[in-house]
Amino acid sequence: MAPDAGDRGLGERPAGRVLGPEFFVRDTLEVARELCGKLLVREQDGQVRYGRLVELEAYLGPDDLAAHSSRGRTPRTSVMFGPPGHAYVYLIYGQYHCLNFVTRPEGQPQAILVRALEPGPGVGRCGGPGLLTRALDIDRRLNGIPLAPPPLYVVDDGFRPERVVQTPRVGVEYSGVPWAEEPWRFCVPGLFLSRRLPASEEVRAHRVQQRARGPR
DNA sequence: AGCGGGATTAGC
DNA sequence: CTAATCCCGCTT
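The numbering used here applies: residue 1 is where the first sequence begins, and numbers increase by one.
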């Protein structure tokens, strides 16, 4: 008899390597860049949904004044000060949740914000940090959990993006120079980004796509 | 106890 | 450009 796994539209775990603490403990900018193109997987009630990470921002606290951890350890930000490879989830503007991956060893409060996801199986529209968490039903219940299956984890399925573009981070103007200008937003050019890239990069991305499509 | 603001989004 | 919406962190 066929086992009932994979039936009823539950979906299956994507093939690949699950990224653990040894991946996230490294230099935050390096981790952010390498996360581009990896799969974010959400498991809930036996259901598996996932999408590909296409936009991430590094927050290098405590020195980085745009990072929550720059104001010291508080109940809200305590997870950022903890061990790597954990989810830091917080509520923003009273209505949206933002998902971060904690990086660096315990005591170094750095993290990577997930800003956009190219939707995969079971994932609807999700163009922005507050919308992708809604699409994957991620909220503060998941704050502080280790990134491991289940219920939330990252998979390297072997895909390597052709290009990764860096720009300044979004919505941190208040932190002032140089923090507001550091190019710590990492994007895989294409649709699904939370915001458009600088015009020069859009043109480049368009050319790359045309070349990939081929002439005619 | 009160107050101001925010790593966002949708709508005018 | 602005309202929505509420938790958090700091001041009183």
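Where is the CB? At the ideal position from N, CA and C, for every residue including glycine.
Small disclaimer: the values here were computed from a predicted structure and weren't measured.
For Leu35, the uninterrupted alpha helix (DSSP H) run begins and ends at Thr28 to Leu35, by DSSP. Here the region 100-107 lies against the region 73-88, with 3 or more beta-carbon pairs under 8 Å apart. Per DSSP, the beta bridge partners of Asp156 are Arg17. Note that the C-beta distance between Gln166 and Phe192 is not below 7 Å. Around the beta carbon of Arg160, fewer than 16 other beta carbons lie within 10 angstroms, which makes this residue exposed.
Residue burial annotation: Val54 is buried, with at least 16 other C-beta atoms found within 10 angstroms of its C-beta.
Tyr174 and Tyr59 have their C-alpha atoms spaced approximately 14 Å apart.
With 16 or more neighbouring CB atoms inside 10 Å of its own CB, Ile112 falls in the buried class.
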